[in-house]
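J.:
Residue numbers (full-length UniProt numbering), protein chains in the order written: chain A, 1 to 340; chain B, 1 to 340; chain C, 1 to 340; chain D, 1 to 340; chain E, 1 to 340.
#1: With a Cβ-Cβ cutoff of 9 Å, do residue 182/E and residue 319/A count as a contact?
#2: Would you mind stating whether residue 33/E and residue 245/E have Cβ atoms separated by less than 9 Å?
#3: Any Cβ of chain B within less than 9 Å of the Cβ of residue 288/A?
#4: When you compare the CB of residue 285/E with every CB in chain D, is at least one pair closer than 9 Å?
#5: To the nearest whole angstrom, what separates the beta carbons of residue 314/D and residue 111/D, a pair I think is in contact under 8 Å?
#6: Pair every Cβ in the region 111 to 122 of chain C with every Cβ in the region 296 to 313 of chain C, then say whether three or more of these pairs are closer than 8 Å.
#7: Which complete beta strand (DSSP E) runs does the region 156 to 230 of chain B hold, if anything under 3 residues is left out?
#8: Let me confirm a value: residue 322/E is counted as buried when at least 16 other C-beta atoms fall within 10 Å, else exposed. Which label applies?
#9: Since residue 191/D meets chain C, which of its residues come closer than 8 Å, beta carbon to beta carbon?
#10: Would residue 171/D pass as an interface residue toward chain E - the criterion being a Cβ-Cβ separation below 9 Å?
#11: Does residue 85/A have its Cβ less than 9 Å from a Cβ in chain B?
#12: By Cβ distance below 6 Å, which residues in the same chain neighbour residue 295/C in space, the five residues on each side in sequence not counted?
#13: Tell me whether the region 43 to 58 of chain E and the region 287 to 294 of chain E touch, counting them as touching only if at least three CB pairs, one residue from each stretch, are closer than 8 Å.
#14: Is there a C-beta anywhere in chain D that falls below 9 Å from the one on residue 250/E?
#15: Is it true that the region 171 to 189 of chain C meets the region 41 to 53 of chain D, where meeting means three or more beta-carbon pairs spaced less than 8 Å apart?
#16: Please decide whether residue 293/D counts as near chain C, where near means a Cβ-Cβ distance under 9 Å.
#17: Tell me the rounded alpha-carbon separation between residue 331/D and residue 308/D.
#18: Are any of the Cβ atoms in chain D nearer than 9 Å to that of residue 48/C?
#19: Between the region 61 to 80 of chain C and the region 198 to 209 of chain C, do at least 3 Cβ pairs fall closer than 8 Å?
#20: Please state the DSSP three-state secondary structure of residue 145/A.
#21: Within 10 angstroms of its Cβ, does residue 260/A collect 16 or more other Cβ (buried), or is it exposed?
#22: Considering only the alpha carbon of each residue, which of 334/A, 231/A, 190/A lies closest to residue 282/B?
#23: Within the chosen definition, does the region 209 to 223 of chain E reach the region 58 to 72 of chain A through at least 3 CB pairs nearer than 8 Å?
#24: Can you give me, in chain order, the residues of the region 307 to 326 of chain B that have a beta carbon less than 8 Å from any beta carbon in chain A?
#25: At a CB-CB cut-off below 8 Å, which residues of chain B make contact with residue 196/C?
#26: Which one or two residues does DSSP pair with residue 335/A in a beta bridge?
#27: Output needed in chain order: residues of the region 16 to 44 of chain C with a Cβ under 7 Å from some Cβ in chain D.
#28: Tell whether a beta-carbon distance below 9 Å holds between residue 194/C and residue 88/C.
#29: Taking C-beta pairs closer than 8 Å, name the residues in chain A that residue 182/E reaches, listed in chain order.
#30: What are the boundary residues of the alpha helix (DSSP H) that residue 303/C is part of?
#31: Give me, in chain order, the residues of the same chain whose beta-carbon lies closer than 8 Å to that of residue 84/E; leave out the 5 immediate sequence neighbours on both sides.
#32: With C-beta atoms as the reference, is residue 41/D less than 9 Å away from residue 234/D?
#33: From the DSSP secondary-structure annotation, give me the bridge partner or partners of residue 85/B.
#34: Chain A beta carbons: is any one of them nearer than 9 Å to that of residue 77/E?
#35: Does the structure place the region 153 to 167 of chain E close enough to the region 64 to 72 of chain E that three or more beta carbon pairs sit under 8 Å?
#36: Closest to residue 148/B by CA distance: which of 209/B, 262/B, 116/B is it?
What follows is the structure in structure tokens.
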């Protein structure tokens, strides 16, 4: 964390260093702000940063719950498809193999839906700027979604016709769910899915639409801009006014000291630097941590790890489909301890 | 944000300028309020503004979730109608074309429901006054609902009979859902909708009634008036009493300075102006941002973008109906970065 | 709001006026409380008032959501009854008219349920005392439930037998829902309601029981007494101790002034009155606003407007039943801007 | 409330009286703690008490909602049983009387379930100590569950076989719901309950298991011990350190006074007693009120009134079963205004 | 609690002892930090610790609710399996014994699922470090999951084939639910489970997937690292800067005292030690309690008692299966008052 904020910490040292120098060399000790208005400002800043942190933590946690919901519904979808596609009600018997094939197509298409969804989550929005911050880019790590294209990935899970249809629509995820529903309906028409199981599976499609819509909502409705900038302005107002109240206070102590220890008293003012830096670092770090979490799918190290979650579910689904472990892709590696 | 509050900032400068002048020219330095009651007032103000911001942010976020729910249920409605209207259980076979026609009528009527709902959300309520504020009107942008009438819009999605029936009822949205339900029931009677699919579709009608009722609740039940005015009164009480405590403090510092630097000491009092303005601007901006969000459908730039959401769903639904992209209306443009 | 609190404001002026007089005429300037324990008390008071306001706002908002739920379920009930009562599965054909009659009886009985529920909400509980406060009674407005009796109202919607049965039970609302359920079951036995539609309608009865129970819970489980009195005691402790700390402070300033301006210095103490009144008014108003909302169905101007909501739904239901607008009662008028 | 805390108030008077005496007679005025660390401690105490009150109020309110849910589901169970037990699908006709008998057995067994549940809620847990506090026991009132045994009560609602089976299991409530389910299933096998109604009734059993589990969760998972003791320790740390900061402050004021009024100045120190007592009483009462609500089923006057709720539902269910009012037990009386 | 924090308390005594010695022997009384920046730091620390405690308490409570949900759904599963496995719809009659056997297999497999889940919850994550803290290990107690292996436990509830299949998958719990679903489906195919009961049981499988996913989410998504370290850094910054502001204050008082009582005045500075220790202990304990609850399944004494809950449900299920009490394992004993 100390390393992560090193640029800002440096700038605080420079700011306060400049102020102290001005006060020291220009003997500006008469110029000061009383502490009382600083206290009012401090209260206001504490309030808005507290508010931001609560709201932002709520966003991250909600995002994580939604993706937890995707995990749960995906597992349910996996097991329902296996146990509800059956020729029991079919007019004519269907081979076990062709049933297994249908199950596989449905399961793979579900993985395609998750893939399309996580690519959609990684689209850059104009208000997502955290990932451009210097300390966030220096390690050069980026989410898997930036290493290959959506089409490349979808090819692995969709037939060519499906792929073409899906890429032709603006919202790929929605298009995939339409395909799922149409497919399920066709299986019902053939009698391979019992009519009431069909209703259950359609209910899962509904649930997936809900989860998709919820994660899109978090992606598309940013933390209100007015609140976000409020934080920033208020914090800087505090940090910029603070030296005018703090340095003279240290000068006063310095003068008292100077009665007995002239040397210590003279240089005591420089001791403002670590104290100011500590205070500024605390308020700035609180604010920055708040900002970091505003967009939980942006592709930084504090994101909800949607790539890892999706891949985990893919492994789960394919293992329980009976696939050989060697054919299933492995989990995305955690680089520098960061899971995307 | 600085620009957005420029009128108020100016008024703070004038207020404090007046006070400083009075103190300076009338030598009123003996007239002062002690800081201790100011601290009690400051605490109370911080509390009520904090309370307001929490409550108001909760309102916006709830409103956004409701419209997210409308998105999800609309998509589900779209796919259910496509896969549940089928002649499988019909006494006599029905042509594919007439089934498609019914699907289209149902889907278009759903778009009409969304349209009626967003027009209802834009009705001006007596407590919605934010949009009249000078800085909110200067750009001259307004929501699409103020550029054409509801009848004009509904004409595109409803038959003439339906339109007449709908406009004849006080609550247009409710009337449209009654029409949907009657239509679905007629299709069930004809056997084009299986009886159990009919129950599922009726469950969606129920869900749409719930979402409609929720957004109407936010529209019609304002943030309690007593809390709203409390904020305003308390903030102004603080800002109006503050100069009487702040200016004398600067005068005291000024007098101390005057011992060594008579000139600086004399004019130091004027330095109250930027500090007071900073404090007043902070408290006022916090309060105003809180107020801005109280009515999230009022038609200002901080609204939940219901026009954009509705149009987005319309595009989604019609693309998946197989309509040609060129025939589908485009998304409302964002003017000055504002999406309605 | 200023008008609404005029009696308390007056009492604050009297209290502080008395204290100032005592201090002034008895030269009691040596008698004072230090500010530090006042700060501890102030913190405690701010905390409990903040706690109260959060809890109470939560209660109002929950009450409003429950009645929003009643709106939504009522609309659903209206449309379900219209589209699920049908002779499709009946052993022998039933005339359209008698079906319409059954629909009307069910819908009217639902309005009766809402009526009984809102009357139950207006029963006076021993802890509901806000409505007796002078400033709340001076306009002489009262909720519609106090202008006619429950029997008079129910007569309009229930048959004589039903009415007798309902008035014979302690909980009228519950009794009405039992009647609804028995009626629906009889229609199912006759085949006018399909068995699975019967299950859906019973599910609505369950939902109405839930909503009824929720609103009764808010009515019957008051905001915990211990918290409510805490607020009151703490606030008054603060307001009664405050003068002993505040007046001497003003006297001190007065003495300083007296060095240069004997007259001003002598009368400066009277300036405590507006400042104390401002502080006391703020804390008292915060506390009173909190108290006002504790019982959201009590019949004061800050209530959840349950009469208006019920009547609105009645109008909605009857318009969609096809009744002539002239035969439907109009909305309750808002007197002095207050909707009940 | 004043009466309720009289023992503690007395102990505060003694504590501060002792301190003042020590300071006064030993002339200990040089011994003092500066206010600044007291402010830090005060902040910490205010925070933890605030946290406790929020969490505890959340527990009470959740407990009340759960029992509200029991009310709602019980009413639904009552009406469902009446309208879903019918011989319509029975292989052979069943007499109306024997149907009524089955309805009565089911309804009575449901009352038995509520009874077993409320007895389980009254079991003493090792962390429930509030009810032993002197001021909580002096009136000698206790909940109805302590006036008769569970077996005596259950005898009124269960057959002998059922009773034996139920008492033989560790968790009586669960055993009763198993019996309900087995009974419902037998009725379904006989054809007296339609198979789909059977599913609805089983869903109610599920709901009752959920409600039972929720209330057991609140009973068995106490407010985390570490937080509870934190409160207590912190508050006492504040109250025990406070005199060392407060008394010297009053002594200082006393000395100032003594310049002009030697007598007043000398005895001024004793004025610390009411002020300290006020502050200590506030912090202690806040903490105690928080503690009181931690276990909402313990059997004190601030409990969720589960006995009253259960009895209320019993009356409701039996009135609607058509029983004569004279045969139905009356509501538990409220002693000293306390409802259990 | 005092005992639990004895190591830290000791370190605070050492820190402050060192500072006091330095000040005392080096006569460093001129070196000091003003209190005003300390107040800003104190506010920030109070805020972040408050935030942490709220978030962490929310996590514990959510975890407890999820396991409460597991209790409820397990009971429902137990009763549904007993009443929904029946040969009523079977093509050929099935012996009562073989039905009972199927019920037992399903119930035991459910216990196996709970067992696998609680073992998964006890896996050590890299961020779970609380259990390594000295005071948490000194009693040598550990959760039952560390006393025997998963395979040993599962052997008691699963057939050999099932066990092999389950251990072969990465996520054992998921594999068990797949087995349950396949088994239920086979029973449906045989006609021992009615098709609509099959849908209900599948819905329970879905619910179990949801509960499993929720508890895995809490396990796998730690309290965000950035917030956790913020707390730690901020608290230590406060505690390390505090002596530089606190000791000089006591020295000042000491000097005042020295005028009259030279001896007392000289040693007064040592009195800083208990006061500093009290303040430091409070802030540290608040922070540590927050940290303790971050990972509610880690295996410390403040955990959600998942082993006890699981075993409790096992006892419940097997008693209601009619097993002899002597054959059912007893509840895990609470060692040192700690339930795992």
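The C-beta atom is built at its ideal place from N, Cα and C for all residues, glycine as well.
T.: Considering the structure as presented:
#1: The residue labelled residue 182/E in the question sits at position 182 within the fifth chain. The residue labelled residue 319/A in the question sits at position 319 within the first chain. No; because the gap between Cβ atoms is not below 9 Å, this pair is not in contact.
#2: Along the fifth chain, read from residue 1 onward, the residue named residue 33/E stands at position 33. Along the fifth chain, read from residue 1 onward, the residue named residue 245/E stands at position 245. Taking 9 Å as the cut-off, the beta carbon of residue 33/E is found closer than this to the beta carbon of residue 245/E.
#3: The residue given as residue 288/A occupies position 288 in the first chain. With 9 Å as the cut-off, residue 288/A does not count as an interface residue toward chain B.
#4: On the fifth chain, position 285 is the one that residue 285/E refers to. Taking Cβ atoms only, chain D reaches closer than 9 Å to residue 285/E, which makes this a yes.
#5: To locate residue 314/D, count along the fourth chain from 1; it is residue 314. To locate residue 111/D, count along the fourth chain from 1; it is residue 111. Right, their Cβ atoms sit about 5 Å apart.
#6: Yes, the region 111 to 122 of chain C touches the region 296 to 313 of chain C.
#7: Here no run is fully enclosed.
#8: Here residue 322/E corresponds to residue number 322 of the fifth chain, with the count starting at 1. Flag for residue 322/E reads exposed.
#9: Here residue 191/D is taken as the residue at index 191 of the fourth chain, counted from 1. By Cβ distance, chain C contributes nothing, its closest Cβ being about 14 Å from residue 191/D, past 8 Å.
#10: Against the fourth chain, residue 171/D aligns to sequence position 171. It does; some Cβ of chain E falls within 9 Å.
#11: Along the first chain, read from residue 1 onward, the residue named residue 85/A stands at position 85. No, because no Cβ of chain B sits closer than 9 Å to the Cβ of residue 85/A.
#12: For the purposes of this step, residue 295/C is taken as the residue at position 295 of the third chain. Cβ within range, chain order: 128.
#13: Short answer: they touch.
#14: Your numbering for residue 250/E matches position 250 in the fifth chain. Cβ-Cβ to chain D under 9 Å: yes for residue 250/E.
#15: Counting C-beta pairs closer than 8 Å gives fewer than three between the region 171 to 189 of chain C and the region 41 to 53 of chain D, which falls short of the contact rule.
#16: Sequence index remark: in the fourth chain, residue 293/D carries index 293 (1-based). Closer than 9 Å to some Cβ of chain C, the Cβ of residue 293/D qualifies, so yes.
#17: Translated into positions along the fourth chain, residue 331/D becomes position 331. Translated into positions along the fourth chain, residue 308/D becomes position 308. Cα-Cα distance, rounded: 7 Å.
#18: One-based indexing of the third chain puts residue 48/C at position 48. Answer yes: the Cβ-Cβ gap between residue 48/C and chain D drops below 9 Å somewhere.
#19: By the Cβ rule, the region 61 to 80 of chain C counts as touching the region 198 to 209 of chain C, because three or more pairs are nearer than 8 Å.
#20: Position 145 of the first chain, counted from the first residue, corresponds to residue 145/A. Three-state result, residue 145/A: helix.
#21: One-based indexing of the first chain puts residue 260/A at position 260. Exposed, because fewer than 16 other Cβ atoms sit within 10 Å of the Cβ of residue 260/A.
#22: As a first step, residue 282/B must be located in the second chain, where it is residue number 282. Residue 231/A is the option with its Cα nearest to residue 282/B.
#23: The region 209 to 223 of chain E vs the region 58 to 72 of chain A: in contact.
#24: Considering only beta carbons, the part of the region 307 to 326 of chain B lying closer than 8 Å to chain A consists of 315, 316, 319, 320, in chain order.
#25: In the third chain, the residue the question calls residue 196/C occupies position 196. For residue 196/C, the neighbours in chain B by C-beta distance under 8 Å run, in chain order, 195, 196, 199.
#26: Numbered from 1 along the first chain, position 335 holds the residue referred to as residue 335/A. Note: residue 335/A sits in a beta bridge opposite 338/A.
#27: Here the close residues are 30, 32, 33, 34, 36, 37, 40, 41, 43, 44.
#28: If you number the third chain from 1, residue 194/C lands on position 194. If you number the third chain from 1, residue 88/C lands on position 88. The answer is yes: Cβ separation under 9 Å.
#29: Residue 182/E sits at position 182 when you count from the first residue of the fifth chain. What residue 182/E touches in chain A: 82, 83.
#30: Locating residue 303/C in the third chain gives position 303, where the first residue counts as 1. In this chain, residue 303/C is not harboured by any alpha helix (DSSP H), its DSSP state being neither H nor E.
#31: Residue 84/E sits at position 84 when you count from the first residue of the fifth chain. Within its own chain, the residues whose Cβ lies closer than 8 Å to the Cβ of residue 84/E, once the five positions on either side in sequence are excluded, are 193, 194, 197, 200, 201, listed in chain order.
#32: Here residue 41/D corresponds to residue number 41 of the fourth chain, with the count starting at 1. Here residue 234/D corresponds to residue number 234 of the fourth chain, with the count starting at 1. Yes.
#33: The sequence position of residue 85/B within the second chain is 85, counting from 1. Under DSSP, residue 85/B forms a beta bridge with 193/B.
#34: Here the question's residue 77/E lines up with position 77 in the fifth chain. Judged by the 9 Å Cβ criterion, residue 77/E is not in contact with chain A.
#35: The region 64 to 72 of chain E vs the region 153 to 167 of chain E: no contact.
#36: Along the second chain, read from residue 1 onward, the residue named residue 148/B stands at position 148. Of 209/B, 262/B, 116/B, the residue nearest in Cα terms is 116/B.
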